[in-house]
Amino acid sequence: GAAQMDGAILVVAATDGPMPQTREHVLLARQVGVPAIVVALNKCDMVDDEEILELVELEVRELLSEYDFDGDDTPVVQVAAFPALNGDEKWANGIMELMDAVDTHIPQPEREIDKPFLMPVEDVFTITGRGTVITGRIERGVVKVNETVDLIGIRPTKQTTTVTGVEMFRKLLDEGRAGENVGLLPRGTRR
Numbered sequence: 001g002a003a004q005m006d007g008a009i010l011v012v013a014a015t016d017g018p019m020p021q022t023r024e025h026v027l028l029a030r031q032v033g034v035p036a037i038v039v040a041l042n043k044c045d046m047v048d049d050e051e052i053l054e055l056v057e058l059e060v061r062e063l064l065s066e067y068d069f070d071g072d073d074t075p076v077v078q079v080a081a082f083p084a085l086n087g088d089e090k091w092a093n094g095i096m097e098l099m100d101a102v103d104t105h106i107p108q109p110e111r112e113i114d115k116p117f118l119m120p121v122e123d124v125f126t127i128t129g130r131g132t133v134i135t136g137r138i139e140r141g142v143v144k145v146n147e148t149v150d151l152i153g154i155r156p157t158k159q160t161t162t163v164t165g166v167e168m169f170r171k172l173l174d175e176g177r178a179g180e181n182v183g184l185l186p187r188g189t190r191r
């Protein structure tokens, strides 16, 4: 099926190597159609032996290949998140290297922003003082604040309403675009 994600970062502790849940995460990524993975080999500051790091990397690559990801060419970046957060320049650079790997290995998808707005509804809830909020991932098109949209499928006939707010990750936006997970505030719509 079509994935909700354009790619994933698989975090594996260098101190432990792939754990049973790592296998489950890779399987799940395969099942939902995640097209590309980048590996963050974390806690590398706690492993003194370079051969151990190489062995863990090899295990991760084999696991990815087992589930039809490109284990040979998947970027595996050595990082140490905790030291990076505490200002250690070496490990902060590792995080930047990880982000560069994401930028180069996970392709920027083509979004259908020139087509009519379509967003399957994933959840509906009420916020006191704001009204009804409809959440979902915009499949195609763009929706702007104060635009008119049709709500289809929740009642016997379509309901036309105005979007009074677009929100993503607790930030108010002027618009939502294809590929984004948003919350919309439709005027006068009851749950």
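Residue numbers for the sequence shown follow UniProt numbering, beginning at 1 and rising by one. By construction, the Cβ of each residue, glycine as well, lies at the ideal position given by its N, Cα and C atoms.
Contact check, L10 vs V56, beta carbons under 7 Å: Position 10 of the sequence shown holds residue 10. Position 56 of the sequence shown holds residue 56. Cβ atoms of L10 and V56: not closer than 7 Å.
Inspect the beta-carbon positions of K43 and A92 and report whether they are closer than 7 Å. Translated into the one-based positions of the sequence shown, residue 43 becomes position 43. Translated into the one-based positions of the sequence shown, residue 92 becomes position 92. No. Outside cutoff.
Cβ-based neighbour list, P18, same chain, cut-off 7 Å, excluding 5 preceding and 5 following: Against the sequence shown, residue 18 aligns to sequence position 18. So the list reads V12, E59, V60 and L63, once near-sequence residues are dropped.
On a CA-only basis, which of K171, P156, F125 and R140 is nearest P186? Give me that one, please. Within the sequence shown, numbered from 1, the residue matching residue 186 stands at position 186. That would be F125, whose Cα lies nearest to the Cα of P186.
With 16 other CB atoms within 10 Å as the buried threshold, where does D150 fall? What you label residue 150 is simply residue 150 of the sequence shown in a count that begins at 1. Burial call: exposed.
Beta-carbon proximity list for G94, same chain, < 8 Å, skipping 5 on both sides: As a first step, residue 94 is located in the sequence shown; it is residue number 94 there, counting from the start. When the five nearest sequence neighbours on each side are left out, the beta carbons in the same chain lying within less than 8 Å of the beta carbon of G94 are those of C44, V77, Q78, V79, A80 and A84, in order along the chain.
Bridge partner(s) assigned by DSSP for A81: Translated into positions along the sequence shown, residue 81 becomes position 81. Note: A81 sits in no beta bridge, so no partner.
Cβ-Cβ separation, V142 to F117 (assumed contact under 8 Å), whole Å: As a working mapping, residue 117 is identified with position 117 in the sequence shown. As a working mapping, residue 142 is identified with position 142 in the sequence shown. With a Cβ gap of about 6 Å, F117 and V142 count as contacting.
Under the rule that 16 or more other beta-carbon atoms within 10 Å means buried, what is T22, buried or exposed? By one-based count along the sequence shown, residue 22 stands at place 22. The residue is buried, with at least 16 neighbouring Cβ atoms inside 10 Å.
Among E147, V121, D100 and G131, nearest to T160 - alpha-carbon criterion: Within the sequence shown, residue 160 is the residue found at index 160, counting from 1. Comparing Cα positions, the closest option is E147.
Mind checking G33: buried by the 16 CB within 10 Å criterion, or exposed? If you number the sequence shown from 1, residue 33 lands on position 33. So G33 counts as exposed.
When DSSP labels each residue in this structure, what does T160 get in the three-state scheme? Within the sequence shown, numbered from 1, the residue matching residue 160 stands at position 160. In this structure, T160 counts as strand in the three-state DSSP scheme.
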